[in-house]
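Since the structure comes first, as structure tokens, the remarks are kept for the end.
There are 2 protein chains.
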Amino acid sequence: MAGGPSTPALAIAVCEAGGLGFLAAGYKRADAVAGEIRTVRAATPAPFGVNVFVPAAAPADPDSLRTYVERLAPEAERQGAELGSARFDDDHWEAKLDVICDERPAVASFTFGCPDGSIVERLHAAGVAAWVTVTNVEEAAAAADAGADALVVQGTEAGGHRGGFIDDGSDEGGVGLLALLRVLSRATRLPLLASGAVADGAALAAVLCAGASAAQVGTALMLAPEAGTPEAQRALLTERRPTRVTRAFTGRAARGIVNRFMEEHSGAAPVGYPEIHHVTSPLRAAARRAGDAGGFNLWAGQAHELVQERPAAEIVREMAAEAAAVLDRVSAALRGPDTSSGRS
Amino acid sequence: MAGGPSTPALAIAVCEAGGLGFLAAGYKRADAVAGEIRTVRAATPAPFGVNVFVPAAAPADPDSLRTYVERLAPEAERQGAELGSARFDDDHWEAKLDVICDERPAVASFTFGCPDGSIVERLHAAGVAAWVTVTNVEEAAAAADAGADALVVQGTEAGGHRGGFIDDGSDEGGVGLLALLRVLSRATRLPLLASGAVADGAALAAVLCAGASAAQVGTALMLAPEAGTPEAQRALLTERRPTRVTRAFTGRAARGIVNRFMEEHSGAAPVGYPEIHHVTSPLRAAARRAGDAGGFNLWAGQAHELVQERPAAEIVREMAAEAAAVLDRVSAALRGPDTSSGRS
Chain A
40 MAGGPSTPAL
50 AIAVCEAGGL
60 GFLAAGYKRA
70 DAVAGEIRTV
80 RAATPAPFGV
90 NVFVPAAAPA
100 DPDSLRTYVE
110 RLAPEAERQG
120 AELGSARFDD
130 DHWEAKLDVI
140 CDERPAVASF
150 TFGCPDGSIV
160 ERLHAAGVAA
170 WVTVTNVEEA
180 AAAADAGADA
190 LVVQGTEAGG
200 HRGGFIDDGS
210 DEGGVGLLAL
220 LRVLSRATRL
230 PLLASGAVAD
240 GAALAAVLCA
250 GASAAQVGTA
260 LMLAPEAGTP
270 EAQRALLTER
280 RPTRVTRAFT
290 GRAARGIVNR
300 FMEEHSGAAP
310 VGYPEIHHVT
320 SPLRAAARRA
330 GDAGGFNLWA
340 GQAHELVQER
350 PAAEIVREMA
360 AEAAAVLDRV
370 SAALRGPDTS
380 SGRS
Chain B
40 MAGGPSTPAL
50 AIAVCEAGGL
60 GFLAAGYKRA
70 DAVAGEIRTV
80 RAATPAPFGV
90 NVFVPAAAPA
100 DPDSLRTYVE
110 RLAPEAERQG
120 AELGSARFDD
130 DHWEAKLDVI
140 CDERPAVASF
150 TFGCPDGSIV
160 ERLHAAGVAA
170 WVTVTNVEEA
180 AAAADAGADA
190 LVVQGTEAGG
200 HRGGFIDDGS
210 DEGGVGLLAL
220 LRVLSRATRL
230 PLLASGAVAD
240 GAALAAVLCA
250 GASAAQVGTA
260 LMLAPEAGTP
270 EAQRALLTER
280 RPTRVTRAFT
290 GRAARGIVNR
300 FMEEHSGAAP
310 VGYPEIHHVT
320 SPLRAAARRA
330 GDAGGFNLWA
340 GQAHELVQER
350 PAAEIVREMA
360 AEAAAVLDRV
370 SAALRGPDTS
380 SGRS
């Protein structure tokens, strides 16, 4: 949950409730990441993780990029902001790896690609487990080859960026979490962390049955007071609003609640991350400040309407307790002739 | 599983194993449906269901349809077949409703729309339960208003046609089963039947935890000897091949294994069911006869590589037994400090 919702306070609250809290390194400078790691460490003895974006392999096509940037000029005017520079960068990749190997969180998870085997070895030497986000079997196999310790299995339901290795520009919907978990359960021995639509304890119970060792929760925490979710986004998360996958905001496929910016620009947005992310960044910041929910990215998973406005620790504890209760109830219903409903 | 895989023998085998077997009324004449119902009834005292396609609301746009039909002329030549006539029809809707009210299977399930409340009343008067296939909350609400007894909840993972009420021409991926089950569990009191990616007992356990009362299984039965699955399709089902949603074969969005026909025509195919279904029907039949898997629809869900070539009764019984075992194991793992893995 890079870019706002993820905060040290949220990670601390999740850790204190028995979860594995995560910090988002994406879009931050390496020293800021180090500072956040120290903040969490000072507050809790519990293990926690840091999520890192793997740099894109190649810059965007210059012509497509230029055309899209020109298209966004009226958006900049609308928000009273300047377009950002369309720069290709690596989000301080090497410096962040150095910080992680120095600070040694329990886990480094990777999004947008798989670190080389040599990097995984470096992490292991530092006592840091390497988790890789995957969206299909091929990515899972590559992550296993690189020495990953676990796979974050992201279903199409998940909010935010598609965490797979390559954005090929396809508008295919992606694989649903249930199918992906079942196929990967048979294809790999690595532990699977389920990501996407895990909004409550019943969904957690479901993914555990489907082969996950645990779930990675995002949207479900976005209304917690500890989250840095923008106010204008908070107001929409509990509403029944469709989500879709778009490249309009960042040049990379990501799922969010449908809004004006998405509707006007998705059809024209090329593959171009991180360039388009940088171009729209000042516009999105201005829209957030102005409370204009039509003008920035409202990342959210497909089950977002179930999100609850409660302290993160309560959300985590209730999710675990409800999962256990659901498992007991469904298990008993399947066993006995005196069945209760499997519904929750 | 209209159009081939569904057979009376398959329904009988599922019923005899303790499942609720289904017959497909789609693409058949009403008297053929009546004959199949009688065949099942003669073979088993168990309850069973019949699936019916609700007629499309309006014909296809004539210009888009004509352009697409012209595009398919070389396909007809390739298969040594004539293009079918682009006719708009209702698939013998009234006659099939009459047959169902006369023959009284336990359940009539509906795809592509919701029958009017008056039809549901007629079914109820005949002792037939009405189930409606839904892909979002709005459809679920409409089905509840019409008096439906249960909802077949189709996730994006499912093979074959998207069973929702309207094909709006969107290329959105649709909602994943897990998200849909959780949202609908909170939004309706109707029993939910989970459809999509339920390929084994672990997936069945998962959807029961997620709020389903049962699962509707399609792809998982397609290699059973009782299924009428074409040989050329059988050979590909267990391979790791991507699926996608296409209108190329029938004019209505449906998920199948990616093949030549799909790749060449998906981008050009308009919304136009049942007209395009009729146009391509002779081509697809010829390709099936020739064993040309590139030339006909290879409907399959996203977990199709897990399908097993076994008698349908074994598949059904093992799925139920495995679901119970998975629930017990995961439930015990969550309870005790002496945890075993949640993997299956």
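Chains as they are written, first to last, in the working numbering: chain A, 40 to 383; chain B, 40 to 383. From the three backbone atoms N, C-alpha and C, an ideal C-beta is built for every residue, glycine too.
Asked, Found
"Three Cβ pairs or more, each shorter than 8 Å: is that satisfied between the segment 253-269 of chain A and the segment 336-355 of chain A?", "yes"
"To which residues of the same chain is Y66 of chain A closer than 6 Å at the C-beta, ignoring the five residues directly before and after it?", "A41 and G42"
"Return yes when the Cβ of V246 of chain B is within less than 8 Å of the Cβ of L216 of chain B, no when it is not.", "yes"
"Could you check what DSSP says for T319 of chain B in three-state terms: helix, strand or coil?", "helix"
"So if DSSP puts L345 of chain B in a beta bridge, which residue, or which two residues, is it bridged to?", "Looking at the DSSP assignment, L345 of chain B forms no beta bridge with any residue, so it has no partner."
"Would you report the Cα separation of R68 of chain B and R126 of chain B, rounded to the nearest angstrom?", "16 Å"
"Taking DSSP's pairing of strands, which residues face S234 of chain A in a bridge?", "A:Q193 and A:Q255"
"Quick one: complete beta strand (DSSP E) runs, 3+ long, within the segment 138-220 of chain B?", "146-150, 168-173 and 189-193"
"So that I know if they touch, is there some Cβ in chain A lying closer than 8 Å to that of R291 of chain B?", "no"
"Take D130 of chain B and list the residues in its own chain whose beta-carbon comes closer than 6 Å to its own, dropping the five residues that flank it on each side.", "F92"
"Taking T174 of chain A and N90 of chain A to be in contact with their CB atoms under 8 Å, please state how far apart those CB atoms are, rounded to whole angstroms.", "The Cβ separation is near 15 Å, so there is no contact."
"Got a sec? Which residues, its chain only, sit under 7 Å from I158 of chain B by beta carbon, not counting five neighbours each side?", "L136"
"Mark A97 of chain B as exposed unless 16 or more other C-beta atoms lie within 10 angstroms of its C-beta, in which case mark it buried.", "exposed"
"Who are the neighbours of Q255 of chain B on chain A, taking C-beta pairs under 7 Å?", "Within chain A, no residue comes near Q255 of chain B; the closest Cβ sits about 14 Å away, beyond 7 Å."
"Please decide whether G235 of chain A counts as near chain B, where near means a Cβ-Cβ distance under 8 Å.", "yes"
"Counting Cβ pairs closer than 8 Å, one from the segment 191-201 of chain A and one from the segment 231-239 of chain A, do we hit at least three?", "yes"
"Compare the beta carbon distance of Y107 of chain A and I315 of chain A with 8 Å and say whether it is the shorter of the two.", "yes"
"Return the first residue and the last residue of the beta strand (DSSP E) that G240 of chain B is part of.", "From DSSP, G240 of chain B is part of no beta strand (DSSP E) but of the alpha helix (DSSP H) over G240 to C248."
"Give a yes or no on contact between the segment 247-255 of chain B and the segment 357-373 of chain A, applying the rule of three or more CB pairs nearer than 8 Å.", "yes"
"Going by DSSP, what residue range makes up the beta strand (DSSP E) through V284 of chain A?", "T282 to T285"
"Starting from the C-beta of A85 of chain B, find all residues in its chain whose C-beta is less than 6 Å away, skip the five residues before and the five after it, and write them out in chain order.", "C54"
"Within the 8 Å Cβ cut-off, does Q341 of chain B reach chain A?", "yes"
"Taking only the alpha-carbon atoms, compute the straight-line gap between G311 of chain B and R201 of chain B and give it to the nearest angstrom.", "14 Å"
"Excluding the 5 residues flanking R327 of chain B on each side, which residues of the same chain have their C-beta closer than 6 Å to its C-beta?", "P269 and F335"
"Which bits of chain A does G194 of chain B rub up against, with CB to CB less than 8 Å?", "G215 and L217"
"Looking at V79 of chain A and P47 of chain A, is the spacing between their C-beta atoms short of 8 Å?", "yes"
"To the nearest angstrom, report how far apart A332 of chain A and E211 of chain B are at their CA atoms.", "22 Å"
"Where does G306 of chain A fall in DSSP's three states?", "helix"
"Going by the DSSP bridge assignment, what does R294 of chain A pair with across the sheet?", "A:G199 and A:V284"
"Within the same chain, show all residues whose beta-carbon is closer than 8 Å to that of R110 of chain A, passing over the 5 residues directly before and after it, in chain order.", "H304 and A307"
"Measuring CA to CA, which of B:A263, B:E196, B:L337 and B:L275 is closest to A242 of chain B?", "B:E196"
"Evaluate D239 of chain A with the Cβ neighbour count: other Cβ atoms within 10 Å of its Cβ, from every protein chain shown; 16 or more gives buried, anything less gives exposed.", "buried"
"Please list, in chain order, the residues of the segment 108-130 of chain A that have any C-beta partner in chain B closer than 9 Å.", "none"
"Which full runs of the alpha helix (DSSP H) of 4+ residues lie inside the segment 83-120 of chain B, going along the chain?", "101-110 and 112-118"
"Rank B:A99, B:A351 and B:E177 by C-alpha distance to the C-alpha of G60 of chain B and give the top, closest one.", "B:A351"
"I need the DSSP call for L337 of chain B, collapsed to helix, strand or coil.", "coil"
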